[in-house]
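Peer 1: Heads up, the sequence shown is in the working numbering, so the first residue is 78 and it goes up one at a time.
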Amino acid sequence: MFIRKLSSTTAFVAVDLADCPGHGVVRSAPKILQGGAKDLARSVTYTLACLERQETGISAGISAPKETKNEAIKHFATELAGWDAGYSLTAGKGVSGDAVASTDHGA
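1) Is it buried or exposed, T145, if we count other Cβ atoms within 10 angstroms and call 16 or more buried?
2) Assuming contact is defined by CB atoms lying nearer than 8 Å, are A88 and G159 in contact in what I supplied?
3) Using the C-alpha atoms, what's the distance from K108 back to Y164?
4) CB-CB under 7 Å to I80, same chain, minus the five flanking residues each way: which ones, in chain order?
5) Among all the DSSP beta bridges, which residues are the ones paired with L166?
6) Leaving out five residues on either side along the sequence, give the residues of the same chain with a beta carbon under 8 Å from the beta carbon of T124.
7) When you compare the segment 96-104 with the segment 165-173, are there three or more beta-carbon pairs, one atom per stretch, that lie closer than 8 Å?
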C-alpha cells in the first residue's frame, strides 16, 4: 500500500498493490482522510480478486472546500492525465462523472 500525493492540489491517490493496473473511486470533500482511503483501496483489491481480476484497488481523495472544489478537481484530473499507470477511476461522492473522465487510463 502506498499513498501518492499530488503537487497541483490537496489530493492523493491510495494504491494497494504496486506495478499493476487497477480500478477505484475518487471522492471529494473538505477533508478526505488517508486511513479511510487505504481501507477502501484494499476492499476494492479484494473485490477484484474475487472476480479473478489481477488488478489493484485504488482510492483517491481531493480535499477542497465547496468554493474551490471544481478547480481542485480540474487540477487533479490534469495531473493524473500525465500518469502512465493503467488506473481507471470512477466518480464517487462529491465528484461528477465528467470531471474524472480524463483520468481513465483504461487497463
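The C-beta atom is built at its ideal place from N, Cα and C for all residues, glycine as well.
Peer 2: The structure says:
1) The count along the sequence shown starts at 1 and reaches residue 145 at position 68. By the Cβ neighbour-count rule, T145 is exposed, with fewer than 16 other Cβ atoms within 10 Å of its own.
2) Your numbering for residue 88 matches position 11 in the sequence shown. Your numbering for residue 159 matches position 82 in the sequence shown. For A88 and G159, no; Cβs fall outside 8 Å.
3) Working through the sequence shown from its first residue, we reach residue 164 at position 87. Working through the sequence shown from its first residue, we reach residue 108 at position 31. Spanning the alpha carbons of Y164 and K108 requires a straight line of approximately 23 Å.
4) Counting from 1 along the sequence shown, the entry for residue 80 is found at position 3. So the qualifying residues of the chain are F89, A91 and Q111.
5) Residue 166 sits at position 89 when you count from the first residue of the sequence shown. Partner(s): G101.
6) Position 47 of the sequence shown holds residue 124. The answer, listed in chain order, is G134.
7) Segments in contact, yes.
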